[in-house]
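Trainee:
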Amino acid sequence: MASPAPVTGPLNTRASLTAALRDLGVRPGETLLAHTSLSSLGWVCGGPVALVQSLLDAVGPDGTLTVPAHSGDNSDPSGWGNPPVPESWWPAIRAHTPPYDPRTTPSRGVGVVPETVRTWPGALRSAHPQTSFAALGPGARALVEGHALGCRLGEQSPLARLEEAGARVLLLGTGYASCTAFHLAEYRIAGPRVRNSFAVRTPSGPRWTTVSDTSVSDEGFAELGADFERNHPVVRGTVGGATARLFPLAAAVTHAERWLPVHRRRTA
134 MASPAPVTGP LNTRASLTAA LRDLGVRPGE TLLAHTSLSS LGWVCGGPVA LVQSLLDAVG
194 PDGTLTVPAH SGDNSDPSGW GNPPVPESWW PAIRAHTPPY DPRTTPSRGV GVVPETVRTW
254 PGALRSAHPQ TSFAALGPGA RALVEGHALG CRLGEQSPLA RLEEAGARVL LLGTGYASCT
314 AFHLAEYRIA GPRVRNSFAV RTPSGPRWTT VSDTSVSDEG FAELGADFER NHPVVRGTVG
374 GATARLFPLA AAVTHAERWL PVHRRRTA
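Written out as C-alpha cells, the structure reads:
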C-alpha cells in the first residue's frame with residue numbers, strides 16, 4: 134500500500150494568522166467583509182475555527198466580521214444545471230423545498246468558513262433565502278436587518294449597509310470573481326429584471342414565492358477586479374500561503390458602476 138502524501142505547509146496557527154492579518158492592515162474596530170479560501174492558507178491548526186478566531190482577533194471586540202452565507206439551492210429547479218433534474222420533478226421540488234430559516238438553513242457554495250461563522254455563538258444572519266450574510270460583532274444587527282426578498286444584493290441588502298458602515302473587503306486566497314460587493318453596482322446601473330423564486334416560511338406555513346429582482350452575475354468580475362486594482366490602492370500581502378487583498382468596499386462599488394456598463398455585454 135502506498136504511503137499517504139505528506140502534509141504540506143505552511144503551518145498556520147490562530148496566533149500566526151492573526152499576526153499576518155494585522156500586518157496586512159486589518160484594524161481593530163473595523164467592519165470587514167471576508168471572502169476566504171481555507172485551503173489556500175496551507176495547513177491550519179484548528180481548521181476553520183482557528184481562522185474565524187483569527188479574523189475576530191484581528192478586528193477585535195469592537196469590530197464586526199461579515200461573510201456571505203448564501204444558499205442558492207433554494208431556487209427554482211427549472212434553472213438548475215449542476216446537475217439538472219428531470220422536469221417531471223419540478224412541481225414536487227417546489228412543493229417540498231424546506232423554507233429558508235436563518236438559524237438552520239446551511240450555506241452552500243461559499244466555503245467552510247462562512248458556515249463556521251453562521252453557526253458561531255452570537256452570529257446573526259440576514260433574511261434572504263438565497264443571498265444571506267452572517268455577521269459577528271457589535272455592528273452585526275444593523276448590517277443584517279431589513280434584507281428584502283426582492284433585493285438579493287442591492288440597496289435593501291447587507292452590502293448597502295456595509296458600504297454605509299465604511300467596511301473593507303478582505304479577499305483571503307480568493308479572487309475578484311468572489312467579490313460580492315461588485316453586485317451592488319449591478320443594482321445601481323439599472324440592470325435587467327428577472328423572476329426569482331424560493332421557499333419561504335410564512336405565518337400560515339411554507340410557501341413557494343416568486344418576486345421580481347435585478348439580474349445578477351459574476352461575469353467579468355475577474356477582469357473588473359484587475360482594472361480596479363490597477364487604478365486604486367489595494368493592499369496586497371500574504372497570509373499563510375494565501376495571497377490576500379484588502380480594500381474599501383465603497384471604492385470597489387463605485388469603480389464597478391463605471392466599468393460594468395462599458396465592458397459587460399450581458400442582456401439578461
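For the sequence shown, this note's numbering gives the first residue as 134, with consecutive numbering after it.
Note that CB positions come from ideal geometry on N, CA and C, so glycine has one too.
The structure displayed is predicted, hence computed values, not measured ones.
So what does DSSP say about N364, is it helix, strand or coil?
Mentor: Taking the sequence shown and counting its residues from 1, the one referred to as residue 364 is at position 231. Helix, per DSSP.
Trainee: Can you check which of these residues, P235, Q263 and V243, is closest to G255 by C-alpha distance?
Mentor: Against the sequence shown, residue 255 aligns to sequence position 122. Among P235, Q263 and V243, the Cα nearest to that of G255 belongs to P235.
Trainee: How would you call H168, buried or exposed, if buried means at least 16 neighbouring beta carbons within 10 angstroms?
Mentor: Here residue 168 refers to the residue found at position 35 when the sequence shown is read from its first residue. Buried, since its Cβ has 16 or more Cβ neighbours within 10 Å.
Trainee: Measuring straight from C-alpha to C-alpha, what distance separates G270 and L198?
Mentor: Numbered from its first residue, the sequence shown carries residue 270 at position 137. Numbered from its first residue, the sequence shown carries residue 198 at position 65. Spanning the two alpha carbons is a distance of roughly 6 Å.
Trainee: State the beta-bridge partners of S149 as determined by DSSP.
Mentor: As a position in the sequence shown, residue 149 is number 16, starting the count at 1. DSSP lists no partner for S149.
Trainee: With C-beta atoms as the reference, is N145 less than 8 Å away from L174?
Mentor: Walking along the sequence shown from the start, residue 145 turns up at place 12. Walking along the sequence shown from the start, residue 174 turns up at place 41. Going by C-beta atoms, N145 is nearer than 8 Å to L174.
Trainee: Given S311, which residues of its chain have a CB within under 6 Å of its CB, disregarding the five upstream and five downstream residues?
Mentor: Within the sequence shown, the letter at position 178 stands for residue 311. Answer for S311: H168, listed in chain order.
Trainee: Based on the DSSP output, what are the partners of G370 in its beta bridges?
Mentor: Taking the first residue of the sequence shown as 1, we reach residue 370 at position 237. Answer by DSSP bridge pairing, in chain order: A377.
Trainee: Under 8 Å, do L282 and V344 count as touching if we go by C-beta distance?
Mentor: Translated into the one-based positions of the sequence shown, residue 282 becomes position 149. Translated into the one-based positions of the sequence shown, residue 344 becomes position 211. A contact, by the Cβ cut-off of 8 Å.
Trainee: At which residues does the alpha helix (DSSP H) containing L295 begin and terminate?
Mentor: Along the sequence shown, read from residue 1 onward, the residue named residue 295 stands at position 162. That run of the alpha helix (DSSP H) goes P291 to E297.
Trainee: Could you spell out where the beta strand (DSSP E) holding P201 opens and where it closes?
Mentor: The count along the sequence shown starts at 1 and reaches residue 201 at position 68. Unbroken beta strand (DSSP E) run through P201: T197 to P201.
Trainee: What runs of the alpha helix (DSSP H), each 4 residues or longer, lie entirely inside the region 222-257?
Mentor: 223-229 and 245-251
Trainee: Quick check: P210 and W223, are their CB atoms within less than 8 Å of each other?
Mentor: To locate residue 210, count along the sequence shown from 1; it is residue 77. To locate residue 223, count along the sequence shown from 1; it is residue 90. Their beta carbons are under 8 Å apart, which means P210 touches W223 by this criterion.
Trainee: What residue range is occupied by the uninterrupted beta strand (DSSP E) comprising W213?
Mentor: In the sequence shown, the residue the question calls residue 213 occupies position 80. No beta strand (DSSP E) contains W213, which DSSP labels as neither H nor E.
Trainee: On the premise that L295 lies in contact with T264, defined as a C-beta separation below 8 Å, what is that separation, rounded to the nearest angstrom?
Mentor: Residue mapping note: residue 264 aligns to position 131 of the sequence shown, counting from 1. Residue mapping note: residue 295 aligns to position 162 of the sequence shown, counting from 1. Their Cβ separation, rounded to whole angstroms, is 13 Å, which puts T264 and L295 out of contact at 8 Å.
Trainee: Can you tell me whether P216 is buried or exposed, with buried defined as 16 or more other CB within 10 angstroms of its CB?
Mentor: To locate residue 216, count along the sequence shown from 1; it is residue 83. Under this definition P216 is an exposed residue.
Trainee: Can you check the region 302-351 for any alpha helix (DSSP H) of at least 4 residues that lies completely inside it and give the ranges in chain order?
Mentor: 314-321
Trainee: Looking only at DSSP bridge pairs, what is H261 linked to?
Mentor: Position 128 of the sequence shown, counting from 1, holds the residue named residue 261. H261 pairs with nothing; no bridge assigned.
Trainee: Tell me whether C284 is buried or exposed, calling it buried when 16 or more other Cβ atoms sit within 10 Å of its Cβ.
Mentor: Residue numbering aside, residue 284 sits at position 151 when the sequence shown is read from its first letter. Classification of C284: buried, given that the 10 Å Cβ count is 16 or more.
Trainee: Taking just the CA atoms, how far does A275 sit from R147?
Mentor: As a first step, residue 147 is located in the sequence shown; it is residue number 14 there, counting from the start. As a first step, residue 275 is located in the sequence shown; it is residue number 142 there, counting from the start. The alpha-carbon atoms of R147 and A275 are separated by roughly 28 Å.
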